[in-house]
Amino acid sequence: MKLNRRNFLHATAGVGALSLIPAAVGREPQVSDEILERAAARPVLPVKEFKQPIIIESVELLRKGKQHFVRVRSKDGAEGISVDDGRMDILHPIFNELIAPYFIGKDARDLEEHLFEAYRYKSNYKLIGLALWCPIALVEFAILDLMGRMRRQSLGELLGGVVRTTIPFYVASERRDTTPEQEVDYLKSLIDQTGAKAVKYRLGGRMSRNQDAMPGRTEKLIPLTRKALGDKMVIHADANSSYDPPEAIRIGRILEDIKAIHYEEPCPFDNFDATKKVADALSIPIALGEQESSEWRFQWVIRNRVADIVQPDLYYYGGMIRSIRVARMAEARDMATTVHLSGGFGFVYSLHFASCTPKIGPWQEYKKGIETYGKWFDPPLKIVDGALAIPKGPGVGLADPKELLKDATIISA
Ligand SMILES: [Mg+2]
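Quick note: the sequence shown uses this note's numbering, first residue 4, plus one each step.
What follows is the structure, encoded as structure tokens:
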């Protein structure tokens, strides 16, 4: 039987953990733009729960050591904060000159509309990409924290309700400087540290026009990971836009041979034609979306099934609300959303996203960060058996935001 994406699920069901394959379903039925637009347009925030206006008085960027934060305060004294993923080192002028001023004096209850209006403000849309959306995401996260703290609700409760409290993850290696043997040893060390039941490793050379990171690394690495990590390990692989379609298909077949379940960015991320050719030729689910900044393009990817798993990045794509809209469109096409994780504090927002998004993939991404950020919560966040529990407490769940920002400096330019 020749496998296509419809019968791949059936053929691999029962192969241990592989029966949890997230998105390997058929290409039909098609979904109309109208259905997708309706899914995206449904309100995310329960604004009726907030009877009084929440007028934003200040939006500040702060820095403590190497870490940036954003603090939003309302006229009534409510406060929320967010934590940067490392981009504000270079994006602070955009934040201070083009994003923060838009939000001053606005009613936080209209946040969903503000996401669009901040994009229009001063022709900000010309900056579309993470330079624009990371600063907006930080304001959005801080406003959501503020609203969550007002209602004593976690972000997931605020954004539609918590549907799961424990989030299993795949641990991502982030390396290409390793030989296949070194990479396997490194993956084993990550598995030992976290108890992860799933991994992700890198293929190819990153945006490399078919060049490998070192000659023959990818072809050797893929079968070696299955052999060394065992049949039950759930394998994800990321090409970071390395290949043209023929090479992507050739490598994808090696991944299929070892029953990997997730093949990320096989071709240049913005070449939908190339990515779709690969998706059409292979049975392994294709993942795409970490560089995406446009709702219309996500809609196109979903409607035309360019990929099987969509991956907005909660920072790069402008926050939780916009990413939930993508997840709702994907769900209407029976596709899973597994958000991309840039690193740092991002895994905390990923946990909240996964807590309230019905159709996520079975494993969310985790890189590192628990050592630094886990203790900011009470009880501290802790990895148990390859999974993380969502933070307890209102908003993002930080135990003591005031203490966290003590001695931080306001960055005003
Ligand atoms: Mg990636």
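Even glycine gets a Cβ: it sits at the ideal position worked out from N, Cα and C. Fair warning: this is a prediction, and the values are worked out from it, not measured in the lab.
Round the Cβ separation of residue i and residue j to the nearest angstrom and send it over; I've been treating them as touching at under 8 Å.
i: G372; j: F348; result: 6 Å
i: D316; j: M338; result: Going by Cβ atoms, the distance from D316 to M338 rounds to 17 Å, so no, they are not a contact pair.
i: D388; j: G159; result: About 21 Å; that fails the 8 Å criterion.
i: A333; j: V313; result: 5 Å
i: A416; j: N127; result: Going by Cβ atoms, the distance from A416 to N127 rounds to 18 Å, so no, they are not a contact pair.
i: Y266; j: P248; result: That belief does not hold up - the Cβ atoms of Y266 and P248 are roughly 13 Å apart, past 8 Å.
i: T173; j: E374; result: The question names Thr, but residue 173 is Tyr in the sequence shown. About 19 Å separates the two Cβ atoms, so there is no contact after all.
i: I57; j: G108; result: At roughly 12 Å, the Cβ-Cβ gap does not stay under 8 Å, so I57 and G108 are not in contact.
i: Y105; j: E120; result: 7 Å
i: P183; j: L224; result: 4 Å
i: T221; j: L190; result: That belief does not hold up - the Cβ atoms of T221 and L190 are roughly 15 Å apart, past 8 Å.
So is the beta-carbon of residue i under 7 Å away from any non-hydrogen atom of ligand 1?
i: E120; result: no
i: H343; result: yes
i: D88; result: no
i: N213; result: no
i: D241; result: yes
i: E267; result: yes
i: E52; result: no
i: E259; result: no
i: E143; result: no
i: E293; result: yes
Which one or two residues does DSSP pair with residue i in a beta bridge?
i: H95; result: Beta-bridge pairing links H95 to no other residue.
i: I170; result: L391
i: K362; result: Note: K362 sits in no beta bridge, so no partner.
i: Y204; result: A240
i: E267; result: D241 and A290
i: T278; result: DSSP output for T278 lists no bridge partner at all.
i: I131; result: Per DSSP, none; premise fails for I131.
i: I414; result: L64
i: I252; result: DSSP, once it has assigned bridges, lists no residue as partnering I252.
i: I401; result: Strictly speaking, residue 401 in this sequence is Leu, with Ile absent from that position. L401 pairs with F380.
i: V34; result: DSSP lists no partner for V34.
i: V304; result: V304 pairs with nothing; no bridge assigned.
i: V313; result: L291 and T340
Taking Cβ positions, are residue i and residue j nearer each other than 8 Å?
i: R152; j: P383; result: no
i: L408; j: L65; result: yes
i: R336; j: V47; result: no
i: V50; j: A103; result: no
i: L118; j: R325; result: yes
i: I393; j: L354; result: yes
i: V281; j: P271; result: no
i: F380; j: G364; result: no
i: C359; j: V165; result: yes
i: F144; j: S85; result: yes
i: H239; j: A277; result: no
i: R212; j: L39; result: no
i: A242; j: G207; result: yes
i: Y318; j: E293; result: no
i: V237; j: W366; result: yes
i: I150; j: F301; result: The sequence shown places Met at residue 150, rather than the Ile named in the question. For M150 and F301, no; Cβs fall outside 8 Å.
i: A231; j: K203; result: no
i: A42; j: R331; result: yes
i: R90; j: L147; result: no
i: G436; j: D92; result: Because residue 436 is not part of the residues shown, which for the chain are 4 to 416, the question remains open.
i: Y376; j: V342; result: no
i: S296; j: I131; result: yes
i: T168; j: A390; result: no
i: E259; j: S286; result: yes
i: T340; j: K362; result: yes
i: K426; j: D410; result: This structure cannot settle anything about residue 426, because the visible part of the chain is limited to 4 through 416.
i: K125; j: L94; result: no
i: R74; j: E60; result: no
Is residue i near ligand 3, going by C-beta to nearest heavy atom under 7 Å?
i: T197; result: Because ligand 3 does not appear in the structure shown, any question about it cannot be addressed here, the ligands present being ligand 1.
### alpha helix (DSSP H) runs contained entirely in the region 49 to 109, provided each spans 4 or more residues
For the region 49 to 109, whole alpha helix (DSSP H) runs of length 4 or above, ordered along the chain, are 91 to 97 and 103 to 106.
#### Entry: Within the region 317 to 390, ranges of the beta strand (DSSP E) (whole runs, at least 3 residues)
As far as the region 317 to 390 is concerned, its whole beta strand (DSSP E) runs of at least 3 residues are 367 to 369.
### Message
For a minimum of 4 consecutive residues, which ranges assigned as the alpha helix (DSSP H) are wholly contained in the region 133 to 196?
### Response
The alpha helix (DSSP H) runs lying completely inside the region 133 to 196 and spanning 4 residues or more are 133 to 154 and 158 to 161, given in chain order.
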